[in-house]
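*Asks:* Following our numbering, the numbering of the sequence shown begins with 20 at its first residue and continues without gaps.
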Amino acid sequence: MWTADEAGSAMYRGHLPALGLSWLGHVVSVGPVLPGAEELPEVRAVVGCRVSKPGPVRAWRELGELGIRLVLDLDDDYLRLDPSNPAHKVWSDPELRDGLLRVADVRLLEE
Numbered sequence: 020m021w022t023a024d025e026a027g028s029a030m031y032r033g034h035l036p037a038l039g040l041s042w043l044g045h046v047v048s049v050g051p052v053l054p055g056a057e058e059l060p061e062v063r064a065v066v067g068c069r070v071s072k073p074g075p076v077r078a079w080r081e082l083g084e085l086g087i088r089l090v091l092d093l094d095d096d097y098l099r100l101d102p103s104n105p106a107h108k109v110w111s112d113p114e115l116r117d118g119l120l121r122v123a124d125v126r127l128l129e130e
């Protein structure tokens, strides 16, 4: 689980799901730092929580290009924000959207 930081959302978006996965026998790491190059061959998937800044987006794209399965955890529908929303400017940036979505198998969960 790749979290944006170690604040409160990292607990419920990263640490708690990782605990559940470990109970099922998975080896899981959680935090804002990705595994090193020597560990990447062992990585089967990365869950990215709040990946939305240029550096992390580049790293996300590189992970996908290495063939690592990517799961993007978004708690809001940032891809369809109303233009009046202040976050629209960030999430409508073509580089951000392309960097996140080009390497991912995107499935939107509808309510």
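Glycine included, C-beta positions come from ideal geometry on N, C-alpha and C. On a predicted model such as this, the values are computed, not experimentally measured, just so you know.
#1: Can we say the region 62 to 73 touches the region 81 to 90, given the rule of at least three CB pairs closer than 8 angstroms?
#2: List the DSSP bridge partners of residue 66.
#3: By the three-class DSSP mapping on this structure, what secondary structure does residue 74 have?
#4: Determine the extent of the alpha helix (DSSP H) in which residue 59 is found, giving its start and end residues.
#5: To the nearest angstrom, how far is it from the Cα of residue 26 to the Cα of residue 70?
#6: Can you list, in chain order, the residues of its chain with a C-beta nearer than 7 angstroms to that of residue 32? Leave out the 5 residues immediately preceding and following it.
#7: Is the CB-CB distance between residue 20 and residue 49 below 8 angstroms?
#8: If you follow the alpha helix (DSSP H) that residue 114 is part of, which residue opens it and which one closes it?
*Replies:* A quick look at the data gives this:
#1: yes
#2: 90
#3: helix
#4: Residue 59 -> no alpha helix (DSSP H), and no H or E assigned at all.
#5: 14 angstroms
#6: 22, 68, 92
#7: yes
#8: That run of the alpha helix (DSSP H) goes 113 to 120.
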